[in-house]
Structures are given as structure tokens and as C-alpha cells.
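Residue numbers (the numbering used here): 1 to 261.
We treat Cβ as the ideally placed atom computed from N, Cα and C, and that holds for glycine.
The structure under discussion appears below in the form of C-alpha cells.
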């Protein structure tokens, strides 16, 4: 029989923030490869559109409303996710996240109030904790391994003025992922982070529509273009597949070589 490591038939996955942008690109890649997929998002209209985009792949797909910053919501939705997927989860992508509010950062770090700091950390860090804790606990108890993935950012490895809270949340995610790789390795559970560069999404649209930003940044991307959500389909499939069974504790930069130039 031919070796088909990227056939995900029979695999199951959860993607938080899977109703748009990078998360939807990941979900589409997984469904196209044969996986059953559940996406979480807070916007029910976006959830419905994402579900419609996933259904043609022919696998089991569901969209659920969930605010990952709420511990109780995560626990409740996780139980519903397991019910939908037949009691097993092979992969969990902690992808949901928010960026800093530029309107509240005009005076930089010194002018940032605690509410803005907490707003970002509640989703980008606490949400990751709640999500990966639930998934890791399930995978350990099930005893058949699994893959935990966090969507981090190149902001975690580069300086980002007026984005210290965002960078802090993503740097902490990298540390959590590495710790999970060590703790869960003996249980056959892998943990990796994906660090996107400048990707065309709803979150980055304000910056990309600013001529000064676009003219300064785009020439610094050796690949010669912005990234798209489709650029994350393949890495998602790889991290769920058996091809990555010995790949854990890594931070995978997907940025068109931006951070190298």
C-alpha cells in the first residue's frame, strides 16, 4: 500500500477562531484532506459563512459560538465538540486571538491602560490556557496521542512598538507550547506553534490599507507578497498528520522569509 501520510480520513480537529483568516485556511486544509472539523468563533454570521465554505469538502463539520476568554464557555463547548466528533479529538488548534487597539495606543506603552492590556491577554493567553488544557487533558486520558497547535506570531520573536501586550501574549504561548511538548511527550502528544508573518486577514486589514505601512513592509518580504489564509492549509495538515509524529516543541515561522531579511 502506498504511503499516504497526509490523508486525514478518520482524524478529528478543533480550530478556535476558525471562522475566518488563518483559522479558516487551516480548517479548509484539514477538511480537504479528509478530517472532521469543528470551528469555534464568537461571530455567528461568520460562523455560518465558514461552515458553508467547509461543507463542500464532504467531511463532518460544525461551527460553535465560543468566547475562549471564558473558562466556562470553553469547558461547555469542548464537551459539545467531543459529542459531535464521537468522543475523540486528534488535534486542537488554539488559533483565536485579538490584536491591540491602536486607538488606545497612540501614547505608546506608557499610555496603555490595564483594561487594554487585559483585553488582549484574556483572549490570547488565558484563552490558549483554557483551550489547550481541555484538549490536552482529553488526549492524555484517551491515551492515543494527539497534536496541540498554537497560532503565535512573529511579534513573539521581533520587537513590536505599541504592541507589547500582543507580543507578550504570543511569547508566552511559545513558552507554553514548549513546556507542553516536554510534559506530554511521553503520552504521544505533540505540541508546536505556528508563527505567521504579515498575512491578509480581517485583523491586519487596517495596516495593509495604510500606504506608508504597505510601502515600508512589502519590499522587506523576500517572497514578494503578503501571506494568505491558503498558505496555512498545508502546515495544518502536516501538524495533524502522521508525517509530524516526531516533530514537537517547535515554533514554525510562516512569513515568506520576512524575519530573515
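Can you say whether residue i is buried or exposed, counting buried as having 16 or more other CB atoms within 10 angstroms of its CB?
i: residue 75; result: exposed
i: residue 229; result: buried
i: residue 226; result: buried
i: residue 212; result: exposed
i: residue 198; result: buried
i: residue 77; result: buried
i: residue 166; result: buried
i: residue 41; result: buried
i: residue 256; result: buried
i: residue 260; result: exposed
i: residue 120; result: buried
i: residue 182; result: exposed
i: residue 205; result: exposed
i: residue 124; result: buried
i: residue 223; result: exposed
i: residue 175; result: exposed
i: residue 146; result: buried
i: residue 308; result: There is simply no residue 308 to check, as the chain begins at 1 and stops at 261 in what is shown.
i: residue 19; result: buried
i: residue 52; result: exposed
Can you tell me the Cα-Cα spacing of residue i and residue j, whole angstroms?
i: residue 91; j: residue 149; result: 8 Å
i: residue 21; j: residue 200; result: 8 Å
i: residue 94; j: residue 190; result: 14 Å
i: residue 253; j: residue 37; result: 24 Å
i: residue 108; j: residue 80; result: 41 Å
i: residue 100; j: residue 111; result: 13 Å
i: residue 130; j: residue 104; result: 27 Å
i: residue 70; j: residue 173; result: 18 Å
i: residue 64; j: residue 2; result: 36 Å
i: residue 216; j: residue 159; result: 16 Å
i: residue 102; j: residue 162; result: 8 Å
i: residue 114; j: residue 67; result: 20 Å
i: residue 50; j: residue 43; result: 11 Å
i: residue 82; j: residue 246; result: 26 Å
i: residue 72; j: residue 127; result: 11 Å
i: residue 35; j: residue 170; result: 27 Å
i: residue 55; j: residue 106; result: 43 Å
i: residue 46; j: residue 203; result: 14 Å
i: residue 98; j: residue 117; result: 11 Å
i: residue 4; j: residue 142; result: 25 Å
i: residue 11; j: residue 239; result: 12 Å
i: residue 84; j: residue 57; result: 17 Å
i: residue 208; j: residue 218; result: 9 Å
Can you tell me where the beta strand (DSSP E) holding residue i begins and where it ends?
i: residue 60; result: First-last for residue 60: undefined, no H or E at that position.
i: residue 252; result: 251-254
i: residue 259; result: It is not in any beta strand (DSSP E) - residue 259 carries neither H nor E in the DSSP assignment.
i: residue 93; result: 91-94
i: residue 191; result: 189-196
i: residue 15; result: 12-16
i: residue 149; result: 146-151
Can you round the beta-carbon distance between residue i and residue j to whole angstroms, since I take them to be within the 8 Å contact cut?
i: residue 23; j: residue 17; result: 4 Å
i: residue 241; j: residue 6; result: 5 Å
i: residue 248; j: residue 196; result: Incorrect: roughly 20 Å between the Cβ atoms, too far for contact.
i: residue 89; j: residue 8; result: The Cβ separation is near 13 Å, so there is no contact.
Looking at the unbroken alpha helix (DSSP H) that takes in residue i, where does it start and where does it end?
i: residue 206; result: 205-208
i: residue 74; result: 71-84
i: residue 310; result: Any answer about residue 310 is impossible in this case: the structure gives the chain only from 1 up to 261.
i: residue 40; result: Taken as a continuous stretch (DSSP letters only), residue 40 belongs to no alpha helix (DSSP H), being part of the beta strand (DSSP E) at 36-41.
i: residue 169; result: 164-184
i: residue 26; result: 21-32
i: residue 117; result: 114-121
i: residue 128; result: 127-142
So, do the stretch 223-242 and the stretch 25-37 have three or more beta carbon pairs nearer to each other than 8 Å?
-> Yes: at least three Cβ pairs fall under 8 Å.
Does the stretch 177-194 come close enough to the stretch 134-149 that 3 or more CB-CB pairs lie under 8 Å?
-> Yes: at least three Cβ pairs fall under 8 Å.
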